[in-house]
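Participant: Before anything else, here's the structure in question.
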Amino acid sequence: MPQLNCIDPHEQVIKVKFDPGETILQATYRAGVVGILAECGGGCSCATCHVILDHTWDGTLVGPSTQEADMLSFAVDPTPHSRLACQVELSDKHDGLSLTVAKRQY
Amino acid sequence: MRLGIIGAGQSSCTLIAELVRGQFEGEILVFNGELNRPYQRPPLSKSWLKATADANTLSLLPEPIENHGSIQWVKEWVTSIHPDNGELRTEKASYQVDHIVLATGTRAKQLTIEGLPIEIEHVVRTLDDAERLKKHIDHAENVTIIGGSFLAFELAASLDHPDRSIRIVARGNRFLPQVSVKTADRLLGSTTASTQVDVQIDSYDAKSKSLTTNHGPVPADLVIIAAGAVPNTEIAMRCGLGTEDGIATDLFMQTPHPKVSAIGEVSLHHQPHLGRSERVESISEANDSATTCAKRLLGRPEPFGAIPWFWSDQGQLKLQIAGLCARSDDETCLISNDFDCVVIRHCGDRVTAVEAINGAREFMAARRLFENGAISLSALVEAGSVFDLLQSSRS
Ligand SMILES: Cc1cc2nc3c(=O)[nH]c(=O)nc-3n(C[C@H](O)[C@H](O)[C@H](O)COP(=O)(O)OP(=O)(O)OC[C@H]3O[C@@H](n4cnc5c(N)ncnc54)[C@H](O)[C@@H]3O)c2cc1C
Ligand code: FES
Numbered sequence: 001m002p003q004l005n006c007i008d009p010h011e012q013v014i015k016v017k018f019d020p021g022e023t024i025l026q027a028t029y030r031a032g033v034v035g036i037l038a039e040c041g042g043g044c045s046c047a048t049c050h051v052i053l054d055h056t057w058d059g060t061l062v063g064p065s066t067q068e069a070d071m072l073s074f075a076v077d078p079t080p081h082s083r084l085a086c087q088v089e090l091s092d093k094h095d096g097l098s099l100t101v102a103k104r105q106y
Numbered sequence: 107m108r109l110g111i112i113g114a115g116q117s118s119c120t121l122i123a124e125l126v127r128g129q130f131e132g133e134i135l136v137f138n139g140e141l142n143r144p145y146q147r148p149p150l151s152k153s154w155l156k157a158t159a160d161a162n163t164l165s166l167l168p169e170p171i172e173n174h175g176s177i178q179w180v181k182e183w184v185t186s187i188h189p190d191n192g193e194l195r196t197e198k199a200s201y202q203v204d205h206i207v208l209a210t211g212t213r214a215k216q217l218t219i220e221g222l223p224i225e226i227e228h229v230v231r232t233l234d235d236a237e238r239l240k241k242h243i244d245h246a247e248n249v250t251i252i253g254g255s256f257l258a259f260e261l262a263a264s265l266d267h268p269d270r271s272i273r274i275v276a277r278g279n280r281f282l283p284q285v286s287v288k289t290a291d292r293l294l295g296s297t298t299a300s301t302q303v304d305v306q307i308d309s310y311d312a313k314s315k316s317l318t319t320n321h322g323p324v325p326a327d328l329v330i331i332a333a334g335a336v337p338n339t340e341i342a343m344r345c346g347l348g349t350e351d352g353i354a355t356d357l358f359m360q361t362p363h364p365k366v367s368a369i370g371e372v373s374l375h376h377q378p379h380l381g382r383s384e385r386v387e388s389i390s391e392a393n394d395s396a397t398t399c400a401k402r403l404l405g406r407p408e409p410f411g412a413i414p415w416f417w418s419d420q421g422q423l424k425l426q427i428a429g430l431c432a433r434s435d436d437e438t439c440l441i442s443n444d445f446d447c448v449v450i451r452h453c454g455d456r457v458t459a460v461e462a463i464n465g466a467r468e469f470m471a472a473r474r475l476f477e478n479g480a481i482s483l484s485a486l487v488e489a490g491s492v493f494d495l496l497q498s499s500r501s
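Chain order of the listed sequences is A and B. Residue numbering for the first sequence follows this note's numbering, beginning at 1 and increasing consecutively. Residue numbering for the second sequence follows this note's numbering, beginning at 107 and increasing consecutively.
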């Protein structure tokens, strides 16, 4: 099973297995990665599932929609590589992708 | 402390997660009347209904929390509570607890329609309901949805298919009375379903496969009843707590009985943002009331002070509402173009809610402004957008 490398707000590195077709949120939430609140459960309406992706994976990702980008602009200290975990769908090519969970969700 | 939580939906799971994260010292018994593991409801009428995804994608609790040593899952309905002696009863057994949290939510309102075969009648409240609908929908050519709320329109958008006619019929004189006329018009304009208000349904005629109504026959080989929800208050009422309208609590989610709390959409408490008591059916209410209750149980009480918010996916349109208003509040349209629409609800100059269609920035800006205090309509109109008002308040 492919996996993600997640760095949580306590700087612990956690390996999270995922099924292609799932979102980053579904995989990390199930695994109990701390720091992801996901209040709206993936509805792109709370911006509390903020993660920062390793920029070397940029080429493998479809960029954020306007809706996601607007929500992200209200996250705490967004970066150019910030995403909402609920809006990023994973495929086989994301095996090994690294991400950091935002230090604070609000 | 031994805590008994009744229900395993949104509010219950938020409470459990907050207690585990807050290192609650005690045992937690969770009574789940449904056989499924805790799952999220909002996707049931949205993306999930269209997709091939299984129930695992709806999971509501992280595995380490669900399997935490302090939690015992009891897959049984609670049939009665006896708070004076800290007792909870199910069909099979009796349990002793120190405190009871009622997180029983609501159930779909039933309608009795003479002649309507049970096989073609549906509601969408639970995962089992949604799975049953998924199984039957492929054979349906004429779907009639009864109800005028967000749920009816979400379902119509999710079930849209070239081989299927979808009709939404409502008894009231307008659709989506929860939102402004302008917002409702935009949502109505985007639906491919045919719609009719002021509909009285007499019966179902099996021969012509149609509902007999005051507007003539309405073809239906599948009927979804989305006519609202009824709070599950019976077990509370039997011991003198709550009414058919909900279970009253204070701002700490405590009922008049010291050993009983109520959270989520079954709870009826003062909504500081609205200035009066109201039972609110939304994820934000479930989460915020649960967090408030958790703080009290962890010995760090803080009164409920959250600003309500809501969202609904209507096909390609995303509606997001910051705040909460009375149905009679005034409406002023702030932004309206081909893509997005922002309507302000207000009482005089005091803004009570901001309804945004495809306007996430406006929605989030409104939430931030409400958190800082009241929003003035005249200041908002002068600024031109909620976002600009937020920017100017920051500089
Ligand atoms: C299809 C659908 C779509 C929705 N979409 C949105 C949306 O887009 N945005 C939004 O903000 N909100 C939405 N909601 C509303 C939101 O899901 C609810 O407000 C929220 O789930 C309420 O949480 P709760 O914990 O109060 O109740 P629930 O989540 O309903 O949980 C209550 C649980 O208690 C159990 N229970 C009841 N009585 C007993 C008993 N005696 N013994 C044991 N167990 C019992 C029930 O089986 C149930 O599992 C939607 C709801 C539905 C049904
Ligand atoms: S979970 Fe709410 S925006 Fe991602």
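Backbone N, C-alpha and C define an ideal beta-carbon position, used for all residues, glycine too. Computed from a prediction, not measured in an experiment: that's the story for all the values here.
How is C439/B classed by DSSP in three states: helix, strand or coil?
Facilitator: In this structure, C439/B counts as strand in the three-state DSSP scheme.
Participant: What first and last residue would you give for the beta strand (DSSP E) that runs through C40/A?
Facilitator: From DSSP, C40/A is part of no beta strand (DSSP E); its letter is neither H nor E.
Participant: Give the DSSP-derived three-state secondary structure of H55/A in the structure shown.
Facilitator: Of the three classes helix, strand and coil, the one that applies to H55/A here is helix, per DSSP.
Participant: Can you pull the chain B residues whose beta carbon is under 7 Å from the beta carbon of R30/A, in chain order?
Facilitator: Per Cβ cutoff of 7 Å: S165, P168 and E169.
Participant: In whole angstroms, what separates the C-alpha of H10/A from that of I341/B?
Facilitator: So the two alpha carbons sit approximately 43 Å from each other.
Participant: Closer than 9 Å by beta-carbon distance: list the chain B residues that pair up with F18/A, in chain order.
Facilitator: Simply none; closest approach about 12 Å.
Participant: In its own chain, which residues sit with a C-beta less than 8 Å from the C-beta of P180/B, not counting the 5 before and 5 after it?
Facilitator: Before going on, a small fix: residue 180/B reads as Val here, not Pro. Cβ within range, chain order: L135, V136, F137, N138, T196 and Y201.
Participant: Helix, strand or coil: which one does DSSP assign to V372/B?
Facilitator: Residue state, collapsed to three classes: helix.
Participant: Roughly how many angstroms separate the alpha carbons of V249/B and I331/B, rounded to a whole number?
Facilitator: Looking at the two C-alpha atoms, the distance is approximately 11 Å.
Participant: Going by DSSP, which residues form a beta bridge with I187/B?
Facilitator: DSSP output for I187/B lists L194/B as bridge partner(s).
Participant: Return the residue from the list R280/B, K241/B, T163/B and R344/B that minimises the CA-CA distance to H502/B.
Facilitator: Residue 502/B falls outside the range modelled here, since chain B spans only 107 to 501, and no answer is possible.
Participant: Please classify Q216/B: is it buried, with 16 or more other beta-carbons within 10 angstroms of its beta-carbon, or exposed?
Facilitator: Looking at its Cβ environment, which holds fewer than 16 other Cβ atoms inside 10 Å, Q216/B is exposed.
Participant: Could you tell me which chain A residues have their CB closer than 8 Å to the CB of Q377/B, listed as they occur along the chain?
Facilitator: The contacting residues do not exist; Q377/B stays about 18 Å from chain A at best.
Participant: Below 8 Å CB to CB, which residues in the same chain sit around D92/A once its five sequence neighbours on both sides are set aside?
Facilitator: The residues are P2 and P20.
Participant: For the stretch 423–436 of chain B against the stretch 162–179 of chain B, are there 3 or more C-beta pairs whose distance is under 8 Å?
Facilitator: No contact exists between the stretch 423–436 of chain B and the stretch 162–179 of chain B.
Participant: Please decide whether M71/A counts as near chain B, where near means a Cβ-Cβ distance under 7 Å.
Facilitator: Yes, M71/A lies at the interface with chain B (some Cβ there is under 7 Å from its Cβ).
Participant: Closest to R83/A by CA distance: which of G42/A, G96/A and D95/A is it?
Facilitator: Of the candidates G42/A, G96/A and D95/A, the one whose C-alpha sits nearest the C-alpha of R83/A is G42/A.
Participant: Counting only Cβ-Cβ distances shorter than 9 Å, please list the residues of the stretch 374–399 of chain B near chain A, keeping chain order.
Facilitator: Under the 9 Å Cβ criterion, the stretch 374–399 of chain B contributes I389, S390 and N393.
Participant: May I ask you to check if the CB of C44/A is nearer than 6 Å to at least one heavy atom of ligand 2?
Facilitator: Yes, the beta carbon of C44/A sits closer than 6 Å to at least one heavy atom of ligand 2.
Participant: Report whether the distance from the Cβ of L155/B to the nearest heavy atom of ligand 2 is below 6 Å.
Facilitator: No, the beta carbon of L155/B sits no closer than 6 Å to any heavy atom of ligand 2.
Participant: Output, in chain order, the set of chain A residues within a Cβ distance shorter than 9 Å of K424/B.
Facilitator: Per Cβ cutoff of 9 Å: G43, C44, S45 and Q67.
Participant: Does the beta carbon of S151/B fall short of 6 Å from some heavy atom of ligand 1?
Facilitator: Because some heavy atom of ligand 1 lies under 6 Å away, the Cβ of S151/B counts as near it: yes.
Participant: At 3 residues or longer, and completely inside the stretch 312–359 of chain B: list those beta strand (DSSP E) runs for me, N to C.
Facilitator: The qualifying runs are 316–319, 322–325, 328–331 and 335–337.
Participant: Under 7 Å Cβ-Cβ, which residues of chain B neighbour C40/A?
Facilitator: Going along chain B in sequence order, the residues near C40/A (Cβ under 7 Å) are I389 and W417.
Participant: Excluding the five sequence neighbours on either side, which residues of its own chain have a C-beta within less than 6 Å of the C-beta of V285/B, listed in chain order?
Facilitator: Cβ within range, chain order: E461.
Participant: Output the distance between the C-alpha atoms of V336/B and Q377/B, rounded to the nearest integer angstrom.
Facilitator: One C-alpha to the other measures close to 20 Å.
Participant: Please identify the residue among Y106/A, V76/A, L99/A and V62/A whose C-alpha is closest to the C-alpha of L25/A.
Facilitator: Of the listed residues, the one whose Cα sits closest to L25/A is L99/A.
Participant: Give the residues from the stretch 462–480 of chain B that approach chain A closer than 9 Å (Cβ to any Cβ), ordered along the chain.
Facilitator: Per Cβ criterion, the list reads N464, G465, A466, R467, E468, F469, M470, A471, R473 and R474.
Participant: One question on the structure: do C439/B and K288/B come within less than 7 Å of each other, judged by their Cβ atoms?
Facilitator: In this structure, K288/B lies closer than 7 Å to C439/B by Cβ.
Participant: Mind checking if Q109/A is an interface residue toward chain B, Cβ cutoff 7 Å exclusive?
Facilitator: An answer regarding residue 109/A cannot be provided, because it is not within the stretch 1 to 106 covered by chain A.
Participant: Taking only three categories from DSSP, how would you classify Q302/B?
Facilitator: Correct three-state label for Q302/B: strand.
Participant: Within a Cβ cutoff of 7 Å, which residues of the same chain sit near C86/A, ignoring the five residues on either side of it in sequence?
Facilitator: T23, L25, A38, G42, C44 and C49, listed in sequence order.
Participant: Over what stretch of residues does the alpha helix (DSSP H) that includes A236/B continue unbroken?
Facilitator: Its alpha helix (DSSP H) spans residues L233 to I243.
Participant: Could you tell me which residues DSSP puts in a beta bridge with A214/B?
Facilitator: In the DSSP output, where bridge partners are listed per residue, A214/B has A335/B.
Participant: Using a Cβ-Cβ cut-off of 7 Å (strictly less than) and excluding sequence neighbours within five positions of F358/B, which residues of its own chain qualify?
Facilitator: Correct list, in chain order: T398, R402, P407 and P409.
Participant: Does DSSP put F18/A in a helix, a strand or coil?
Facilitator: It is coil, neither helix nor strand.
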